[in-house]
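So the protein sequences, as listed, match chains A and B.
Under our numbering, the very last position in the first sequence is 253; numbers go up by exactly one each time.
Under our numbering, the very last position in the second sequence is 375; numbers go up by exactly one each time.
Here the structure comes first, spelled out in structure tokens, and everything after it is commentary.
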Amino acid sequence: MTKNRPKIKKSRLFLYLLCVPIAFWLVAPTLVVIPLSFTPQRSFAFPPPGFSLEWYENFFTSPQWLGGLLNSLQIALLVASISSILGTLAAYGLSKTSGFRKTLSNGLLVSPILIPAVIFGVGVYAVFLRTGLVGTMAGFVLAHTMLALPFVVVNVGAVLVAYDTQLERAAWVSGAGRIRAFMTVTLPVIWPGVASGFLFAFITSFDEVIVSAFISSPALQTLPVRMFTSVQREVDPTIAAAATLIIILTTAIALTAIFTRKKRKV
Amino acid sequence: MTSEQTPGAALELDGVTKNFGSFTAIQDVTLSIEPGEFITFLGPSGSGKTTTLNCIAGFEDVTAGEITLAGQSLTDQPVHRRNLGMVFQGYALFPHMSVEKNVAYPLKQRKVPKAQREKDVTATLEKVGLTEFRHRLPSQLSGGQRQRVALARAICFNPPLLLMDEPLSALDKALREQLQQEIRRIHRDLGTTVVFVTHDQDEALALSDRIVVFNKGKVVQVGTPRELYLQPENVFVSEFVGESLMISGDYRNSQFHSDSGTVFATDTTQELGWTGPAQMMIRPENISIHDAAASADTAATGECSVTGFLEDITYVGNAVKYRVGLPDGGGIVRAEDIGGEVADIGSEVTLSWAAADARILAKETSEEPAHA
């Protein structure tokens, strides 16, 4: 045992030497925007020549920026809620079928992930133009739900694979009808999958820019669309402040997801 | 419990058949189970015993036939309205609920008021000896404790019928025997009708008032443990329940003619009413075994005797089991331990028995003994 110890430490060291640079390489470009957001000048010069909270002030006072953030949050919450319910039901249904029907339904449900967003966006735009959904909250929620649904189906499906269907039978025998058994036994047991599906759906909607660009209007923009427009038309470090806020939010969500999952496993 | 000695209900199965596509899982199962009876479904895996249980519970719809409990048809009732208690093979405890919540679950579904619920849960946990574990989660319990919780959940509402699907198969032998005793005690206390499924013949013999033996989707015999052991009606039951010595031959003129031509006298009180290919079965403890070389004279003590080769010897504590090969069969002979073996492995031995202890069974045509 004592002989093996230094060996393990050596391999650990090698692991760190390899992984720390890779992690840095992956994260550094994202982190660059954080110092940029504190620049006192209207420029993207790096490193910033001083410190100021001007762009944060601008973000929270501009109706376009703050409005975009509030729109995004509202849409993402609705999308996450709707797709969690629909996706959980779909995954539950899929877990009870097999064969061709399962393969086909599963393929259809997951296809929005595989189709290039531009193509999806054009299609959605064409349909929404005819139905008057362009630039509406309902339109955003509908389009984003299609994109977010697969993440819920996959997450809940993964938990359902390990779910012991005897539990449900035990609930039925105990006198619970199908719906009550699902709500009191199945759902609490598969809850970690539903929760991480919800978070994935939230982030999918919150981050979405391509499809959103097609269906947004000057009256209703999401934050990523606002950022995209800003970066194309003007030099405005408010975008760095916005980006920093998004990083904080998504990191918080991802960490929550990771830690709740870990806690469940113990 | 509010009312001790709640009588169990009578369960009737009438021509119950279940097909899965073109496969017939159970065929024409007809049974009449008395109120308060402890019935075991015994059979090898795939024999239809679990399918029959699932039909009673309502997890499977029957293809044909009728199931009634206390005179009421169950066939069109959904699972949750059948008012049954059930213990599952893998316990199926709700992992997110404490022991006490698990046990209270059926009471809650029945809208039992909270105070009464508390009382019933406490009484049931006491019955299964889990009072101090009521706040634990299932994951914090041992296998035996989990099985007790599953049992408590199934009996807390005094069901007229308790179904148990191989509930002890995951436990070790000592624990299994202890829980068998507890199940018998609880059955006596509650007076509920029990249907217990197992593939373990010892368990079936130990627990049951009556045993229903299944093979290939059919009921092959129903009887008390003693009846099944002493009067099996076919080769399958005689091989599946207990050990035996088998000789293959023909039955004619009230005599058994072995394939190699030896003629044995049979029990004249056993009216068979048929002739043809048959197996003669003798239970191990009814046979005496002697070294063929040493004792030509002792063979005369039994009415029937035959010579064979000793294939194997197993010492089982209070007795010795001999595996003997015969020209037309073979099997197990059980003899008192005489402080050593009667002969060495590979030597010739003489077996003898009283004609009344031999049982003649019709040979089954496509017989595949599921029990080696």
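Backbone N, C-alpha and C define an ideal beta-carbon position, used for all residues, glycine too.
Indicate whether at least one CB of chain A lies closer than 8 angstroms to the CB of residue i.
i        : result
B/VAL82  : yes
B/LEU91  : Leu is not the amino acid found at residue 91 of chain B; the sequence shown has Phe there. Yes, because at least one Cβ of chain A sits closer than 8 angstroms to the Cβ of B/PHE91.
B/ALA95  : yes
B/GLN112 : yes
B/PRO98  : yes
B/THR301 : Bear in mind that the predicted position of B/THR301 carries a pLDDT of just 49, short of 50, making it too unreliable to give a figure here.
B/LEU233 : no
B/ASP262 : no
B/TRP356 : no
B/PRO116 : no
B/TYR318 : no
B/TYR108 : yes
Shorter than 8 angstroms from the beta carbon of residue i to some beta carbon of chain B?
i          : result
A/ARG29    : no
A/PRO175   : yes
A/ARG156   : yes
A/ALA241   : no
A/VAL160   : yes
A/ALA145   : no
A/LEU163   : Looking at the sequence provided, one finds Ala at residue 163 of chain A rather than Leu. Chain B contact via Cβ: present.
A/GLN219   : no
A/ASP151   : yes
A/THR(-11) : Interpretation of A/THR(-11) is limited by its pLDDT of 49, a score under 50 that renders its predicted location unreliable; no figure is taken from the coordinates.
A/VAL181   : no
Identify which residue in the options has its Cα closest to the Cα of residue i.
i        : options                                : result
B/LYS366 : B/GLY61, B/GLY39, B/GLU236, B/GLY51    : B/GLU236
B/CYS159 : B/THR196, B/GLY88, B/LEU182, B/ASP192  : B/GLY88
B/LEU54  : B/PHE26, B/GLU40, B/THR71              : Checking the sequence, you will find Thr at residue 54 of chain B rather than Leu. Selected option, being the one with the closest Cα: B/PHE26.
B/VAL131 : B/LYS122, B/SER142, B/GLN148           : B/GLN148
B/ILE284 : B/THR265, B/SER263, B/GLY332           : The residue asked about is misnamed: residue 284 of chain B is Met in this sequence, not Ile. Answer by Cα proximity: B/GLY332.
A/GLY110 : A/GLY144, A/LEU154, A/PRO22, A/ALA130  : A/ALA130
B/LEU178 : B/ILE363, B/GLN150, B/PRO38            : B/GLN150
B/PRO162 : B/LEU72, B/VAL32, B/ALA346             : B/LEU72
B/SER76  : B/THR66, B/LYS117, B/GLU15             : B/GLU15
B/PRO228 : B/VAL215, B/VAL238, B/ALA361           : B/VAL215
B/VAL309 : B/THR196, B/LYS114, B/ALA60, B/GLY328  : B/GLY328
B/GLY276 : B/LEU144, B/GLY264, B/SER257           : B/SER257
B/GLY311 : B/SER350, B/LYS219, B/ASP253, B/VAL319 : B/SER350
B/GLU94  : B/LYS324, B/ALA155, B/LEU313           : Here residue 94 of chain B is Tyr; the residue named in the question, Glu, does not match the sequence. It is B/ALA155.
B/ASN57  : B/VAL82, B/ILE42, B/SER48, B/VAL106    : B/VAL82
B/PRO170 : B/THR195, B/VAL200, B/LYS176           : B/VAL200
A/VAL97  : A/VAL139, A/ALA239, A/ALA15            : A/VAL139
Checking 8 angstroms against the spacing of the C-beta atoms, do residue i and residue j come in under that value?
i        : j        : result
A/GLY122 : A/SER203 : yes
B/LYS21  : B/ALA12  : no
B/ILE335 : B/PRO280 : no
A/ALA78  : A/PHE189 : no
B/ALA358 : B/THR278 : no
A/GLU155 : A/THR173 : yes
B/LEU231 : B/VAL244 : yes
A/PRO35  : A/LEU23  : yes
B/GLN80  : B/LYS221 : no
B/ILE59  : B/VAL223 : no
B/GLU344 : B/ALA322 : no
B/ARG137 : B/GLU185 : no
B/LEU193 : B/VAL152 : no
Identify the continuous beta strand (DSSP E) that holds residue i and give its terminal residues.
i        : result
B/ARG255 : 248 to 255
B/GLU185 : Element bounds for B/GLU185: not the beta strand (DSSP E) but the alpha helix (DSSP H), 176 to 193.
B/LEU164 : 164 to 168
B/VAL152 : First-last for B/VAL152: 146 to 158, but that is the alpha helix (DSSP H), not the beta strand (DSSP E).
B/ALA13  : Here B/ALA13 belongs to no beta strand (DSSP E), and DSSP marks it neither H nor E.
B/ARG362 : 362 to 365
B/GLU351 : 351 to 356
In terms of residue numbering, what span does the alpha helix (DSSP H) encompassing residue i cover?
i        : result
A/GLY54  : 50 to 82
B/ALA338 : B/ALA338 -> not in any alpha helix (DSSP H); beta strand (DSSP E) instead, spanning 332 to 339.
B/ALA126 : 117 to 130
B/LYS104 : 102 to 112
B/TYR94  : No alpha helix (DSSP H) holds B/TYR94; DSSP gives it neither H nor E.
B/ILE376 : With chain B represented from 4 up to 375, any question about residue 376 of chain B goes unanswered, as that position is not in the structure.
B/VAL327 : No alpha helix (DSSP H) holds B/VAL327; the beta strand (DSSP E) holding it covers 322 to 329.
A/VAL212 : 210 to 220
A/LEU154 : 153 to 160
Kindly examine the ligand SAM and report whether one of its heavy atoms sits closer than 7 angstroms to the Cβ of residue i.
i        : result
B/LEU164 : No copy of the ligand SAM appears in this structure; indeed no ligand is present at all.
Consider the Cβ of residue i: report whether some Cβ of chain C lies at a distance smaller than 8 angstroms.
i        : result
B/ARG156 : The question asks about chain C, but that chain is absent: this structure's protein chains are A and B.
If you scan the segment 177 to 205 of chain A from start to end, which runs of the alpha helix (DSSP H) of 4 or more residues do you find wholly inside it?
-> For the segment 177 to 205 of chain A, the full-length alpha helix (DSSP H) segments reaching 4 residues or more read 197 to 202 along the chain.
Every unbroken alpha helix (DSSP H) inside the segment 90 to 141 of chain A [4 residues or more] = The segment 90 to 141 of chain A contains these whole alpha helix (DSSP H) runs: 104 to 118.
What are the uninterrupted segments assigned as alpha helix (DSSP H) that are 4 or more residues long and contained completely in the segment 18 to 74 of chain B, given in chain order?
-> 52 to 60
Could you tell me which uninterrupted beta strand (DSSP E) segments, each at least 3 residues in length, are contained entirely in the segment 214 to 298 of chain B, listed from first to last along the chain?
-> 221 to 226, 248 to 255, 258 to 261, 266 to 268, 279 to 285, 291 to 294
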